[in-house]
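Number of protein chains: 2
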Amino acid sequence: MITQMAESPALKRKREEKESENGSAGSQNEGPAPGNFPLAELSVMKVLRESAREKAIFLHGRVNNASGDKTDAVVILEKIPFQEENITELLKKHTGLQLQMSNDIYSTYHLFLPPELNEIKTTVVYPATEKHLQKYLSRSVYLIQETGEDYKNITLPFIESQSISIQWVYNILEKKAEADRIVCENPDPINGFVLIPDFKWNQKQLEDLYLIAICHRRGIKSVRDLTAEHLPLLRNILKEGGEAIQKRFGLAKTQLRVYLHYQPSYFHLHVHFTALSYDAPGCSAERALLLSDVMYHLELDSQYYQKCPLTFPVRADEPLLKKFQEAGKA
Amino acid sequence: MITQMAESPALKRKREEKESENGSAGSQNEGPAPGNFPLAELSVMKVLRESAREKAIFLHGRVNNASGDKTDAVVILEKIPFQEENITELLKKHTGLQLQMSNDIYSTYHLFLPPELNEIKTTVVYPATEKHLQKYLSRSVYLIQETGEDYKNITLPFIESQSISIQWVYNILEKKAEADRIVCENPDPINGFVLIPDFKWNQKQLEDLYLIAICHRRGIKSVRDLTAEHLPLLRNILKEGGEAIQKRFGLAKTQLRVYLHYQPSYFHLHVHFTALSYDAPGCSAERALLLSDVMYHLELDSQYYQKCPLTFPVRADEPLLKKFQEAGKA
């Protein structure tokens, strides 16, 4: 039986990429006939990215085409999830079980299965352009330990030099856009906020619930700007945001992860609400600060976030990393 | 070539579970000889949990033992990550490529591989008790906000009532087990530690690098017990652990996420080192405390972790949740 596969993160990306590519519509004519991709003849040039957790690998390969030229391809291999209905067959038809280690009641084995019970989802982008290769390339990530001084001397000047528009945030706050998506609002200009589903969430299932609270007050760039003065705002977001989610979606406050990002992806204060059971992107300890912890620290010391070191990840190609490196801080 | 496999979240749980079991030490004698687990004869009773993202499935099965009784087992199947060095061989030796869909420059295929190039990591808990089955069963998760007082009044008495053996930790520290796996050691009984690869990591690829530093000093149950007195120990772990990883595995300190869990899965202080690029299980903000933050807080206030609120997730079936509920705190 040939199994249909759940769409991988890669395929989602594929779709995004397709939209961002110009002039690719006619290019499939240069490729081989469907079904004949010469996988065995692919020369692997580079591993663009791997995910050990998701059991996927992204390859840049080259194939010789009919005219003798080498043509680039992106090949994505991803193991498929187990399927409940196949499990009994799979256990019965295995072709080998080799002990790896044994300790008390626990043991681990290498198990080998017939190929048809253990397929690999393979996605091919062919011919691939340099743009595709860049898009799939994973870049190394480094941690920056930013002191309060580093923020003032390096990060803040950098943010200010960027002058990135956040008009889209103001459009939401002013009901010029996405007004129909608002889940709840506290209209107070100082201590109020708008709660809205994140674009990553389709609102179809609670498993990956994701909403964002955006404060009305302007000028709070990130957690670095917070002082005890902002505690009423943060309390409103935590309490009213949680209540609105419970009322609308039925998920209790104790089933929510409520946090800020540092660095945020845009410099207008916002708070993330995700389902606790959802392994949401960006909720790792090096990027996410629990709102309850932030409030505790501000209660301890109004200037806590102007002084404390903050850790955040940057990709190798991000200009902020270069700024820290130039300052001898990374 | 037979490939070592990366370990699943299941194996971490293995350790947790091991501690929570009493009287299991001699029970392996009831099981079959190592290497002979009768996988093909397993009757699958129930799927305890699945992870489509991680390509893993947790089964409750039963086998007939020698005396004709049926014995419970937990069997965990997990596909292993791709390994860069095998990719070319894998592409050349595939046994089939079937077109699934084609659109413009994009196409997807079903790919079939020889069994030895596509193994499954299999973990067996056998014989398994009801406690094991319950432990692996997937359940809702709730957040607990534990104040310092809650720790003293609810959590600490609960931990103490459990009297869970951590003999396996002492075995490592005393070189009675896993001595060949030690990556580095500072033998100081107060400020020293042992650094060892976590069972989840097969040491074959850096993508999912995962090591654990276990302190030599006994009696530090968790971050709740830490005071400024422990700063030299924590500094040693951060500095020497990071240096050892750089030396042995070539990953710089800035490419590591170094953190403690709260609640930990066993109550002897240990520190997690994972590759920053690895979306490791248990590194979410509600479970993981960055070691650098912990050290900063202890420098601010030696009693910080006896006083501060700590947030942690509990599964619906965990007795600690019930304790908090009974106290009107969850």
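So the protein sequences, as listed, match chains A and B.
The C-terminal position of the first sequence is numbered 330 in our numbering, with every residue numbered one higher than the one before it.
The C-terminal position of the second sequence is numbered 1330 in our numbering, with every residue numbered one higher than the one before it.
Here a beta-carbon is modelled for each residue, glycine too, at the ideal position from N, C-alpha and C.
Among G192(A), E318(A), L209(A), which residue has its Cα nearest to the Cα of K200(A)?
L209(A)
What residues from the segment 39 to 60 of chain A come within 9 angstroms of chain B, judged by C-beta to C-beta, listed N to C?
L39, A40, E41, L42, S43, V44, V47, E50, S51, A52, R53, E54, K55, A56, I57, L59
May I have a chain-ordered list of the alpha helix (DSSP H) segments no shorter than 4 residues that lie completely inside the segment 1245 to 1306 of chain B?
1291 to 1300
For L234(A), collect the residues of the same chain with a Cβ closer than 6 angstroms to its Cβ; drop the 5 residues on either side in sequence, then sort them by chain order.
M295
Considering V183(A), what are the terminal residues of the beta strand (DSSP E) in which it resides?
Looking at the DSSP string, V183(A) is not in any beta strand (DSSP E), and its letter there is neither H nor E.
Please classify E1084(B): does DSSP put it in a helix, a strand, or coil?
helix
Is there contact between the segment 1204 to 1219 of chain B and the segment 1274 to 1285 of chain B, where contact requires at least three CB pairs shorter than 8 angstroms?
yes
Less than 8 angstroms between the CB atoms is what I'm expecting for Y1106(B) and Q1098(B), so what's the real figure, rounded?
About 16 angstroms separates the two Cβ atoms, so there is no contact after all.
Proximal residues of chain A, C-beta to C-beta of E1084(B) below 8 angstroms
V47, E50, I57
Residue environment, N171(A), which counts as buried when at least 16 other CB atoms sit within 10 Å
exposed
Need the endpoints of the beta strand (DSSP E) that N1064(B) sits in, please.
1056 to 1064
Inspect the CB distances between the segment 224 to 242 of chain A and the segment 1120 to 1127 of chain B and report whether three or more fall short of 8 angstroms.
no
List the residues of chain B that P309(A) touches, going by C-beta distances under 9 angstroms, in chain order.
S1292, D1293, Y1296
Can you find a C-beta in chain B that's less than 8 angstroms from the C-beta of P264(A)?
no
Separation of Q1263(B) from I1159(B), as counted between CA atoms:
11 angstroms
Extract the residue ranges of the alpha helix (DSSP H) inside the segment 143 to 207 of chain A, only unbroken runs of 4 or more that lie entirely within it.
156 to 162, 167 to 173
Rounded straight-line distance, which links the Cα of S140(A) to that of D317(A):
8 angstroms
Q303(A) to H230(A) span [Cα, whole Å]:
11 angstroms
Could you give the distance in angstroms between the alpha-carbon of R224(A) and the alpha-carbon of Y305(A)?
5 angstroms
Name the DSSP beta bridge partners of L48(A), please?
In the DSSP output, where bridge partners are listed per residue, L48(A) has none listed.
Cβ contact check for the segment 1044 to 1062 of chain B and the segment 1167 to 1182 of chain B: 3 or more pairs under 8 angstroms
no
Terminal residues of the alpha helix (DSSP H) in which L1133(B) lies
1130 to 1136
Do the CB positions of V1063(B) and L1042(B) come within less than 8 angstroms of each other?
yes
Per the DSSP calculation, L77(A) is bridged to which residue(s)?
I57(A), T122(A)
What does a CB cutoff of less than 8 angstroms around M246(A) pick up in its chain, not counting 5 residues either side in sequence?
In the sequence on display, residue 246(A) carries Gln and not Met. Answer for Q246(A): A252, K253, listed in chain order.
Buried or exposed (CB count within 10 angstroms, at least 16 for buried), I1080(B)
buried
So for N1236(B), helix, strand or coil by DSSP?
helix
Along chain B, in chain order, which residues have C-beta atoms closer than 8 angstroms to that of V125(A)?
I1105, Y1106
If I measure Cβ to Cβ from L1290(B) and keep anything under 8 angstroms in the same chain, skipping five residues before and after, which residues do I get?
R1257, V1258, Y1259
Going by the beta-carbon positions, is the gap between I1076(B) and T1147(B) smaller than 8 angstroms?
no
Got a sec: is the Cβ-Cβ distance from E1089(B) to anything in chain A below 8 angstroms?
no
Where L1113(B) falls: helix, strand or coil (DSSP)
coil
Note down the Cα distance separating V271(A) from L1111(B), rounded to an integer number of angstroms.
42 angstroms
Go ahead and pull the three-state DSSP assignment for L1091(B).
helix
Nearest chain B C-beta to S277(A) closer than 8 angstroms, yes or no?
yes
According to DSSP, which residues form a beta bridge with T1071(B)?
V1063(B)
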